[in-house]
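Participant: Each step along the sequence shown adds one to the number in full-length UniProt numbering, with nothing skipped, and position 105 is 105.
Just so you know, even glycine gets a beta-carbon here, dropped at the ideal spot from N, CA and C.
Just so it is clear, the structure is predicted and the values come from calculations on it, not from any experiment.
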Amino acid sequence: MKLKKSTLITAIFAFMIAVGACFYIYHQQNASTVAPTSAELTEYNKIISQGKAAARKMQYAKAQALFEQAYAKHPTKAAKIYTKQAKNLQLAIKQARKSQFSTGIKTAQTVINEKGYWLLNDHAKRLITTLKTAKSNYQNEIKPLLAQATTAESQGQVDTARENYQKVLDLSYIKQPYYQKYFQQAEAGIARLKDQTNSTTSKQSSSRDTGTAGTTGAGAMGDHTVNGKTVTQPTLDEIRAQLTKLGYNASAWSPQDLIDLFRHASENGHTKPEQITKEDVDSF
1 MKLKKSTLIT AIFAFMIAVG ACFYIYHQQN ASTVAPTSAE LTEYNKIISQ
51 GKAAARKMQY AKAQALFEQA YAKHPTKAAK IYTKQAKNLQ LAIKQARKSQ
101 FSTGIKTAQT VINEKGYWLL NDHAKRLITT LKTAKSNYQN EIKPLLAQAT
151 TAESQGQVDT ARENYQKVLD LSYIKQPYYQ KYFQQAEAGI ARLKDQTNST
201 TSKQSSSRDT GTAGTTGAGA MGDHTVNGKT VTQPTLDEIR AQLTKLGYNA
251 SAWSPQDLID LFRHASENGH TKPEQITKED VDSF
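1) For R192 and S154, what's the separation of their Cα atoms in angstroms?
2) If you draw a straight line from the alpha carbon of S136 to that of F101, how long is it in whole angstroms?
3) At the level of alpha carbons, what is the spacing between Q85 and E163?
4) How should A188 be labelled, buried or exposed, when 16 other C-beta atoms within 10 angstroms of its C-beta is the threshold for buried?
5) Is DSSP giving V158 helix, strand or coil here?
6) Quick check on the burial criterion: 16 or more other C-beta atoms within 10 angstroms. Buried or exposed for T212?
7) Any idea if G104 is buried or exposed, counting beta-carbon neighbours within 10 angstroms, 16 or more meaning buried?
8) Within its chain, find whatever has a CB closer than 8 Å to the CB of residue 293; leave out the 5 residues flanking it on each side and keep chain order.
9) Helix, strand or coil: how does DSSP classify V231 here?
10) Per the DSSP calculation, T130 is bridged to which residue(s)?
11) Out of K46, K278, N121, point me to the one whose CA is closest to K87's CA.
12) To the nearest angstrom, how far is the alpha carbon of K52 from that of Y71?
13) Cα-Cα, which of A79, Q59, Y60, M58 is closest to E68?
14) Between T235, I128, I259, which has its C-alpha nearest F284's C-alpha?
15) From D38 to K106, what distance separates their C-alpha atoms?
16) Assuming contact is defined by CB atoms lying nearer than 9 Å, are I174 and Y182 in contact in what I supplied?
17) Would you list the residues sitting across from V226 in a DSSP beta bridge?
18) Kindly indicate which residue of T129, L243, R263 has the alpha-carbon position closest to the one of T225.
19) Under a three-way DSSP split, which group does I276 fall into?
20) In angstroms, rounded to a whole number, what distance separates the CA positions of K46 and D170?
21) Which of the three DSSP states, helix, strand or coil, is assigned to G247?
22) Does DSSP put L171 in a helix, in a strand, or in coil?
23) Have a look at Q95, Y178, Q157, R56 and flag the residue whose alpha-carbon is nearest the alpha-carbon of T133.
24) Distance check for T244 and K272, CA to CA, integer angstroms please.
25) Going by beta carbon distance, what residues of the same chain come within less than 7 Å of N268, once the five residues before and after it are set aside?
26) Tell me the DSSP secondary structure of P255 in three-state form.
27) Just to confirm my understanding: we take T235, look at its own chain, exclude 5 residues before and 5 after, and list those with CB closer than 8 Å. What are they?
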């Protein structure tokens with residue numbers, strides 16, 4: 001009988017401990033999720049409204065900061081989701097500006113999947129539509145043109161390369177934000193080709209200044225003689241007349257150019273101005 005009484009007391013004691021533990025846990029849970037005061041709730045709603053206003057203006061960084069602030073005031077599921085949506089929209093746009101169209105589309109889709117603020121969902125849908133168009137434009141127009149341009153450039157086909165780079169720059173949408181990477185590539189290509197052209201022109205001009213005798217220094221030193229005789233003004237006039245006859249713009253030639261050309265022609269056996277040939281001029 002005493003044993004039964006002892007067992008009963010033990011059972012009652014254990015039950016009281018269990019009830020006490022449950023009460024303690026319940027109390028602690030409620031203590032950690034104390035309902036906000038009326039003033040806190042008013043402030044929370046105010047900040048959420050400010051965040052939504054920023055989102056309407058597509059100021060997503062500001063919207064994210066405000067939603068985070070609202071969550072700190074009152075940690076609701078809505079505030080947490082809005083924060084994540086604003087953050088991912090910023091990321092999607094950043095990826096798009098780097099022309100990472102596929103990645104940007106996936107990131108924007110996560111905004112929709114959150115099923116949060118309807119306006120952010122709508123902005124994400126519109127961004128996806130824009131990026132799909134950008135991806136198509138790149139694959140079907142920009143990429144082939146840039147490929148043709150770079151191939152032509154590597155093969156020294158300057159005119160073809162320039163033409164294809166220019167076609168990229170002439171695309172109606174190329175100056176929009178998400179195409180800047182390719183716009184800059186085309187501009188850089190045009191600049192490189194211009195530098196190459198200027199370099200070639202400079203070398204040709206230098207060759208013209210020094211003449212064929214430049215290898216011996218005669219032209220470079222302003223040598224006014226041909227075959228040991230000084231070239232006179234009447235002879236220069238005859239050389240100009242022969243150039244005009246051959247179809248060249250003689251007025252573009254300086255006196256030293258004419259003398260150096262005459263020297264070059266004389267080395268080819270053409271010792272008189274009227275004997276100068278197109279071959280002499282073209283090989284000069």
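Facilitator: Taking the structure as given:
1) Roughly 12 Å between the two C-alpha positions.
2) The alpha-carbon atoms of S136 and F101 are separated by roughly 10 Å.
3) Approximately 43 Å, taken between the alpha carbons.
4) Classification of A188: exposed, given that the 10 Å Cβ count is below 16.
5) Here V158 sits in helix by DSSP.
6) Since pLDDT at T212 reaches only 40, below the 50 mark, its modelled position is unreliable, and the value read off the structure follows with that caveat. That one is buried.
7) Buried.
8) Here the chain covers residues 1 to 284 and nothing more, so residue 293 does not appear.
9) The answer is coil: DSSP assigns V231 none of H, G, I, E or B.
10) BP columns for T130 are empty, so no partner.
11) It is N121.
12) Rounded to the nearest angstrom, the two C-alpha atoms are 14 Å apart.
13) Out of A79, Q59, Y60, M58, A79 has the C-alpha closest to the C-alpha of E68.
14) It is I259 whose Cα lies nearest to the Cα of F284.
15) Looking at the sequence provided, one finds Ser at residue 38 rather than Asp. Those two C-alpha atoms are separated by around 40 Å.
16) With respect to the 9 Å criterion, I174 and Y182 are classified as neighbours on the basis of their beta carbons.
17) According to DSSP, V226 bridges with K229.
18) Comparing Cα-Cα distances from T225 to each of T129, L243, R263, the minimum goes to R263.
19) Coil.
20) Across the structure, K46 and D170 are spaced so that their CA atoms are roughly 48 Å apart.
21) When secondary structure is reduced to three states using DSSP, G247 falls in the coil class, being assigned neither helix nor strand.
22) Reduced to three states, the DSSP call for L171 is coil.
23) Ranking the options by Cα distance to T133, first place goes to Y178.
24) If you take the alpha carbons of K272 and T244, they lie about 16 Å apart.
25) If we look at N268 and ignore the five residues flanking it on each side, its Cβ neighbours are D280.
26) In the structure shown, P255 sits in a helix (DSSP, three-state: H, G or I).
27) Excluding positions up to five away in sequence, the list reads F262, P273.
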